[in-house]
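Asks:
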Amino acid sequence: MTLEEARELLKSPIWPKVRDNFLATGEFTVHPAGDPRRLEYLDEDVREEVERWKTVLEHADEWKLVLDGAKVRELRAAYPGAYPEALRYAAYFPGGKVDVIKLLKLKFPEAYRLCCS
């Protein structure tokens, strides 16, 4: 890492996460912008929400056909904040193939800026 790259890192929004990860593990790693491993820099609750959305989108083809009230309540309880809201985004992920970066860009703009800037 050059001195200029280090200065840019210190100015970037991922610096606190890189620093905290280093203090916790003793390992200094900076994943490049756009690398899905940058999800590690997100808070745990955001990562969990992204995973819930990803799961719902992967099952969107089958879950959009669910009409049984009990099953709908079960899915809402299992995937709070993601089911049924994520079904509106299913057209962007045909066949249930979820590109996490695209999901971040569409639904989680703060996380997208952190992961891709």
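For reference, each letter of the sequence shown is one residue, going 3 to 119 in our numbering. Glycine included, each C-beta is placed from N, C-alpha and C at the ideal position.
1) For Arg39, collect the residues of the same chain with a Cβ closer than 8 Å to its Cβ; drop the 5 residues on either side in sequence, then sort them by chain order.
2) Please classify Glu7 as buried or exposed, where buried requires at least 16 neighbouring CB atoms within 10 angstroms.
3) Measure the beta-carbon distance from Ala88 to Val58 and round it to whole angstroms, keeping in mind my assumption that it falls under 8 Å.
4) Candidates Asp47, Asp70, Tyr43, His61: which alpha carbon is nearest Lys99's?
5) What does the Cβ neighbour count give for Ala26, buried or exposed, with the cut at 16 atoms within 10 Å?
6) Can you tell me whether Leu106 is buried or exposed, with buried defined as 16 or more other CB within 10 angstroms of its CB?
7) Out of Tyr91, Arg9, Gly36, which has the shortest C-alpha to C-alpha gap to Lys66?
8) Taking the alpha-carbon of Val20 as reference, which of Asp37, Glu10, Tyr43 has the nearest alpha-carbon?
9) Can you tell which of Lys73, Asn23, Ala79 has the C-alpha that lies nearest to the C-alpha of Asp2?
10) Roughly how many angstroms separate the alpha carbons of Ala35 and Ser119, rounded to a whole number?
11) If you count every other CB in all the chains shown that lies within 10 Å of the CB of Ala80, and 16 or more means buried, which is it?
Replies: Well, looking at it:
1) What you label residue 39 is simply residue 37 of the sequence shown in a count that begins at 1. By the criterion of a C-beta distance shorter than 8 Å, Arg39 is surrounded in its chain by His33, once the five residues flanking it on both sides are discounted.
2) Reading the sequence shown from its first residue, position 5 is the one you call residue 7. Its Cβ having fewer than 16 others within 10 Å, Glu7 is exposed.
3) Here residue 88 corresponds to residue number 86 of the sequence shown, with the count starting at 1. Here residue 58 corresponds to residue number 56 of the sequence shown, with the count starting at 1. With a Cβ gap of about 4 Å, Ala88 and Val58 count as contacting.
4) Position 97 of the sequence shown, counted from the first residue, corresponds to residue 99. Among Asp47, Asp70, Tyr43, His61, the Cα nearest to that of Lys99 belongs to His61.
5) Position 24 of the sequence shown, counted from the start, is the residue given in the question as residue 26. The residue is exposed, with fewer than 16 neighbouring Cβ atoms inside 10 Å.
6) Locating residue 106 in the sequence shown gives position 104, where the first residue counts as 1. Leu106 is buried by the Cβ-count criterion.
7) Sequence index remark: in the sequence shown, residue 66 carries index 64 (1-based). When each option's Cα is compared against that of Lys66, the closest is Tyr91.
8) Here residue 20 is taken as the residue at index 18 of the sequence shown, counted from 1. Val20 has its Cα closest to that of Tyr43, out of Asp37, Glu10, Tyr43.
9) Examination of residue 2 is not possible in this model, given that the chain is present from 3 through 119 alone.
10) Taking the first residue of the sequence shown as 1, we reach residue 35 at position 33. Taking the first residue of the sequence shown as 1, we reach residue 119 at position 117. Near 6 Å, if we compare the C-alpha coordinates of Ser119 and Ala35.
11) Numbered from 1 along the sequence shown, position 78 holds the residue referred to as residue 80. A residue is called buried once 16 or more other Cβ atoms fall within 10 Å of its Cβ, and Ala80, having fewer, is exposed.
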